[in-house]
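Inspection log for the structure reproduced underneath, given as structure tokens.
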Amino acid sequence: MDKRIEQYDVYKVETIGDAYLCASGLPERNGNKHSYEMGSMALELISDVAQIRLPHKPDYALRLRIGLNTGPCAAGVIGRFGDTVNTASRMESNGEPLRIHITQSTYDALRYFNVFEMECRGEMHIKGKGLMTTYWLLGKTKEDKRNLFIEG
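For reference, each letter of the sequence shown is one residue, going 1 to 152 in full-length UniProt numbering.
Written as structure tokens, this is what we have:
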């Protein structure tokens with residue numbers, strides 16, 4: 001995973017057990033590029049993991065879950081925290097294996113690029129948040145339009 005994120009404007013925050021926390025737009029802001037970078041990277045990670053086979057367990061498949069949220073984040077010496085990070089964690093924990101579970105704010109941010117295929121998962125109760133409409137990020141539908149990035 002470390003090698004994959006090096007290909008994107010994404011920062012590895014920490015690894016806790018089997019959880020891998022990443023952010024984009026930190027420590028330097030990158031305009032609206034963060035959602036594109038995270039969405040693109042997440043799709044590649046799911047694709048990568050789906051192809052991994054363990055020699056000693058050939059019938060076993062790795063079951064990566066990814067949760068994405070878009071919003072402000074506080075940064076400090078002890079890590080990244082705040083509602084945005086907590087909500088991304090809830091998306092992951094309420095997700096399904098080999099799927100990317102996203103919030104309304106990430107859905108809205110990704111729609112701007114007109115290259116991502118997404119599907120409404122519906123409303124669900126998210127601990128600490130209440131009822132939320134969430135989505136699945138399924139793939140890319142069109143060629144990239146990287147010239148749509150707004151710096152700042």
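Where is the CB? At the ideal position from N, CA and C, for every residue including glycine.
Bear in mind the structure is a predicted one, so any value in this text is a computation, not a measurement.
- A check of alpha carbon separations from isoleucine 100 across Gln7, Lys129, Lys3, Met41 identifies Met41 as the nearest.
- In the DSSP assignment, lysine 3 falls within the unbroken alpha helix (DSSP H) covering 2-5.
- Around the beta carbon of arginine 63, a 10 Å sphere encloses fewer than 16 other beta carbons of the protein chains shown; the residue is thus reported as exposed.
- Positions of the alpha helix (DSSP H) runs, each at least 4 residues long and wholly inside the segment 92-147, are given as 104-111 in order along the chain.
- Our two residues, glycine 31 and isoleucine 46, have alpha carbons roughly 25 Å apart in a direct line.
- Selection Gly122, Leu138, Leu137 evaluated against leucine 131 yields Gly122 as nearest (Cα-Cα).
- With contacts defined as CB atoms closer than 8 Å, leucine 138 and methionine 118 qualify as a contacting pair.
- Arginine 90 and leucine 68 have their C-alpha atoms some 9 Å from each other.
- Looking only at Lys3, Met124, Gln51, the smallest Cα-Cα distance to tryptophan 136 is reached by Met124.
- Per the DSSP secondary-structure output, glycine 67 pairs in a beta bridge with His101.
- In the three-state reduction of the DSSP assignment, valine 13 falls in the strand class.
- Rounded to whole angstroms, histidine 34 and glycine 25 show a C-alpha spacing of 6 Å.
- Here leucine 54 has Tyr60 as same chain residues with Cβ atoms under 6 Å from its own Cβ, once five neighbours each way along the sequence are excluded.
- In the three-state DSSP reduction, leucine 45 falls in the helix class (H, G or I).
- Counting along the chain, tyrosine 60 sits inside no beta strand (DSSP E), nor does DSSP assign it H or E at all.
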